[in-house]
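For reference, the structure is listed below as structure tokens.
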Amino acid sequence: MEGHLNGDLRLLNEHRGDVDEAAIAREDKARLGQASKADTTAGWPYKQAMCSPDYRLSETSADDSHRWSTNSNASLPRKSTCCTWFLGAPGTLLGTSLGLGLFALIQNVAELDAVFTGVIAGTNCFSLGGVYFRAMSCMVAPLAFSSIALGVASAVTTPKMLHLRCKMAGFIFLTMLLAVLQGGIWVYLIDGAIDGRRYPTLQSKSQLSIICPHSPTTHILVVNDTTRSLECQPVAATRANAFTLKLGAFNTKASVAAARPAPKDMKRVITLITQLSSPNIVMAFYNNNVVGLVVFAVFFGLATGLAPQGSVVRPVLQESHQLFKTMSGYIVATSPIALPPLILGPLLVGTHTIPRDIVRLAYFLGAYVCATIMHVAVVLPSLLFLCTGVNPYRYYRKIRDALIYGFGCSSSLKTLPITIRCVDRAVPNPHIARVTLSIGLHLNKSGGALYLATSLLWIFHNGGMYYLLTPTELCILGVSCILGAAAVAPIRTGGMGVVLCIFASVTSLPTPFTYGFLLVGECIMDPLATLTNIAGNVTTLPPAFAQNACSRNFPKLTFLQLSVAFISIHYLLWFWVAVGFLYYLYSIGYGLVSAAVIAIYVPSYFNGAHRKVTVAKGGKQWDGLRTHWMWKLMCEYVGLEIVREQELDSKKQYIFGFHPHGILVLSRMSCYAGNWESVHPGIDVRALGATPMFYVPLGRELCLWLGAVDAGRSTAQKVLDNNLSIIVYPGGSKEIFLTNPNTKTTELVLNKRLGFIKLAIKNGADLVPTFVFGEKWMYNLWNPPKGLRQTVLQVLKVPLLLFWGRCCTWVPLRLTGQRRMGIVYGKPIVITEKKDNPTDEECLAYHAQYVAALHGLFDKYKSEFGYDADETLVISTTPVARHLVVLVDPGQDVVVTLKGYSLSGLPLTYTITSLPTQGSLYQLSQVFSDYGYDPKKQASPLAAIPSPVTGSKARVVFSRPFTASPLDSKFAEFTYTVNDGATTSQAGIVTVSQGAAVMSSQFYFDTDGWSIVHNHQNSPPVFDPTSRGALSYYIYGTDAMIHTDPITASDRELWYFSAPPKFLGNQWYAYGGSLDFILAASEGDFTAVNAPASAPLVILDCATCNLNAGVRLAWAQANSPTFTGVTTAYSVPLLETSGWLMDPKNTLLPWTVPTQCQLVEVLTKLSGISILGDFTQRYETVALDSVLLLHGPGQPMACY
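The numbering of the sequence shown is the UniProt record's numbering, which starts it at 1 and goes up by one.
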């Protein structure tokens, strides 16, 4: 059916450096031009196009460079016009007409009808024609083996072109796969119109039916398909369903049995896999195991191509291939002779009728034509456009001559010179194109795959075996068709032999009658298959030339790169692949296998490998995978370019900050394929990733193998402790929502992001600002409503947004024009002094340098990566007005220095926005502001707001009157804001107090608003205005209800002292301070206490935190001295590292340590403070005194 290169031909090798390509091009153009002129003398450019091979390949050089040439005096003998006519469509029609005429003759002559009509005569007649199929099947194995082996051997002959051929393989596979799918879809659309009756050939074992006792000569017992019972029916009516095994033996007739039951799906899959590697290649030839032969031929071809020059294997293989083709040609010549018995047999048996089956065949051929048109006119052009951006129809217009010629002569080999001439003017490098075409001539047979798929489905449906086509059987047929397409013989009707072999291999059944009718339609299918093969072959060229075709605007892309990018681009994909595979195993009855796979995987899922930074300590880093060359395909796909401004010292540690984050963090490719080792030799690195991505099964493993670890502070510290460097994305998930490919601004989230800078100062690791150019153009993006995405971000810790790339997938878009993707590593910012506890001011100083460096990188390199001159970098630098605690004694004045921070480095102006409810606030006097001399304050206090601060160094004076106010609580508050000329900060709070205690309850007069919760009817505490030891004027509570746990004997209903409203709300100053109080007991058995794990000593509640989901923090008793009933003073530090745990609100999850900002959020939105009073398993009376909330450094910069 398809033409291959002759065995004595060689692949072109013009890319060698010692060959003058220009001269070769001129010579080829002249020769092809002469041939073209000769062909157009008759006014039609394809004179003698049907069969005469006017163009030949020959070795014209002695220097091992092989060139194309034309030879009008071809050495192959020409076929006569009569032979050409006989072997073409007219011969097929002649044989078909002869078969139909013989059937009409037998039907109209009673004597002939009585002798020849029946199952035995029809079967014997079909068997006579079946000799043709047997002969064809006999030649399939050797011809396919030699053809594939020679093609593969030629493909590896030129090592310099091996990479090009490897990248073609993926595109070739896709076109063949799509062809098979289209064939299946179109046959499915017409399956009702082509379904036939079950044939006698379906039986695997003969089953005997007894002749009816009451009418042994006219009736026979057969199975009723509806009732599944035996019924007597006339022999004439059952003639199509029964035939005599041995005439007169036992006086019985054989009834038709149903086809053998299909084995289990998994067994069929295993059978196919075993066929891929036949244990005995001789038996594979004997059994026509096409799948096994293809695989063996590929490896044999590789060995042959890599054999030393002068090996005799290839010449012998070439000569054998020529002999096999010659023998096959003789067999094909008998096809018109074989057609009459093949058509006559099923008509005599009665399984086919002329009107009905002609209509069925017409439907089938119509579906095949539609599938071919869809593949050639829609699918292949769409692939070409999606992969390269080339206008497909303009491209096909340039090679239309080859398509027409191929359709006319039904041979890709004979069309090859015309194809070469067409692609010479359509692709940028004609010499490489010829090499590519020669490979495709052997292997790129999408037309053959479509031919095999539709033919096999026709046989199953028209043969009454459609019920055998389970999803697994269809998949097996599809794989067999893709592999078998390479085995299609390079002769007319060559595909029929492969169809026979695949059908026999899949079903183990003999040849059904419907094969004869398929041979009738083959005269239409074969030219279309050739046309499809040529179209698929020339479609492969632009993707293959992607890296060599910049001059012709072919983007840098191959389908293999596209596939790798799609598979590896996101960790979530692997999870769904695994779920689908496990469900498939479960659906076919292998649920235990699925359960076993899950059980084996679960332990590794919970081993905490994402917090282990080295393999020696339990990590799963796989440097071999991370540095594998296959990642280069992905880098080539996006056109990644890496720039390093300064070589880094391999003996130092660094923290690389990547900006912007991007939607799918494509910048991680800079660490793959050996890129990192090339740019930063000797520096080992770990990338910090968001915790949720390590909870995705299988995707988790991919992240770990590629060197990612959890982004928690403790894990980052472990990385640096192990002398490794870190890659961080300071913008985090918030920066994803700022990605907008349609704006001329690139916005970064860097405001108050000081954690990575503090980590660098603490460990002495230099900061390396890194800018990622072009990633914002890789995807289209739609942001959901802000409220919805914030909720999902807070609850699930993952961003919610809709984005899509190519073909509405996660595959990135292709950058065109001047736009490119690049990663620029800036010069390191040296940490001059290592400090364990750097101040915010020190961190802000480095932060300013870091922001300035990012601006410099963007302005310097934006034009190189396709950014317009007016595009700007916007770094969110909202100024911050710090909260302050001011200590002042009654009757004293204090100068308050307001503190604001500008992350942009711009000067700040200060404004008082609210006045204190007690005391007075003054502006500085002019003399004190300028020279520092008294008086400090102006004559009149501030009375109106807002009021700009006029004193130098942002100072004001607070005057506290001498009044009887609490000495251990805050006295007053006022607020202020700062402005950097563009943005105004949120209000900073200044709290005025006298001592370290900003809030307290000393119970001088009453219970001070305290209550008791979780006691019987929540009875209030009792105020005792007496002194007892350290207690002086205190409150106490008594256990009023006991709920004993039968297992632990602990009291399940624990009562707590609950703080009054003055302790709640915004207690920002408490961060870094402590909660102090005194407990004592007057009664109770403290030898039988409640289980400590069930009774936190202190509970902090925030009802509005976490988007109103609520947060509860607990301080365990184990972190403080054990309460035994005696008077005990407690001091609970308000730091996230001191022992606080956060309730996950899920009994299946462990309590976790809150982050710094989570604790700050709770302290600024306090809705409850509870102190344990119920310590024993029985009744007790516990007193509480001197509750103090002491201030600390206050709210850290990172949590404003």
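Glycine included, C-beta positions come from ideal geometry on N, C-alpha and C.
DSSP places ARG668 in the helix class (H, G or I) of the three-state scheme. Per DSSP, MET999 is one residue of the beta strand (DSSP E) stretching across 997 to 1001.
For HIS659, the uninterrupted beta strand (DSSP E) run begins and ends at 654 to 659, by DSSP.
For a cut-off of 8 Å, the C-beta gap from VAL613 to LEU706 is around 14 Å, too long to register as a contact. When secondary structure is reduced to three states using DSSP, ILE1171 falls in the strand class. The beta carbon of LEU625 sits closer than 6 Å to those of TRP705, all from its chain and outside the five residues before and after it, given in chain order. Nearest C-alpha to ARG360 among ALA193, VAL479, MET327: ALA193. In this structure, the straight-line span from the alpha carbon of THR1044 to that of SER604 is close to 39 Å. Bounds of any alpha helix (DSSP H) do not take in ILE1078; it lies within the beta strand (DSSP E) bounded by 1074 to 1084. For LEU317 and LEU339, the gap between their C-alpha atoms comes out near 33 Å.
Under the three-state reduction of DSSP, ASN675 is assigned to helix.
Secondary-structure assignment with DSSP links ASP1051 through a beta bridge to THR1044. Between LEU754 and MET1197, the C-beta gap is smaller than 8 Å, which places the two residues in contact. When secondary structure is reduced to three states using DSSP, TRP1068 falls in the helix class. If you draw a 10 Å sphere on the C-beta of GLN818, you find fewer than 16 other C-beta atoms in it, and that means exposed.
Of the candidates GLU735, LYS1062, SER959, TYR330, the residue whose Cα lies closest to the Cα of PRO941 is SER959.
Contact annotation: LEU1031 and ALA1183 have beta-carbon atoms nearer than 8 Å.
Note that the C-beta distance between ILE829 and VAL772 is not below 8 Å. The beta-carbon separation of ILE331 and ALA135, rounded to 5 Å, stays under the 8 Å limit for a contact.
Annotated as proximal: PHE126 and LEU342, with beta-carbon spacing under 8 Å.
Below 8 Å, too few C-beta pairs join the region 936 to 955 and the region 986 to 1001 to call them touching: fewer than three. Scanning PRO1060, HIS461, LYS1062, ASP1039 for the CA closest to the CA of ARG1052 turns up ASP1039.
Cα atoms of TRP574 and VAL696: separation of roughly 9 Å, rounded to the nearest angstrom. In terms of Cα proximity to THR415, the closest of TYR583, GLY406, CYS422, TYR188 is GLY406. In the displayed model, GLN322 falls within a helix according to three-state DSSP. The beta-carbon separation of ARG644 and VAL685, rounded to 14 Å, does not stay under the 8 Å limit for a contact.
In the three-state scheme derived from DSSP, where H, G and I count as helix and E and B as strand, HIS375 is classed as helix. Put simply, of CYS1199, PHE1077, ARG1178 the residue whose alpha carbon is nearest the alpha carbon of VAL1187 is PHE1077. For PHE858, the enclosing alpha helix (DSSP H) begins and ends at 840 to 861.
Annotation for ILE757: CYS843, TYR846, HIS847 place their beta carbon closer than 6 Å to its own, counting only its chain and skipping 5 residues before and after. Around the beta carbon of GLU841, fewer than 16 other beta carbons lie within 10 angstroms, which makes this residue exposed. According to the DSSP secondary-structure assignment, LEU802 is paired through a beta bridge with TRP782. When only Cα atoms are considered, THR1124 and ILE1012 end up about 21 Å apart. Of the candidates PRO961, VAL187, GLY682, PRO1025, the residue whose Cα lies closest to the Cα of GLN918 is PRO961. For PRO1133, the beta-bridge partners assigned by DSSP are SER1074. Nearest neighbour of ALA426 by Cα position, chosen from LYS398, GLY440, SER446, TYR451, turns out to be LYS398.
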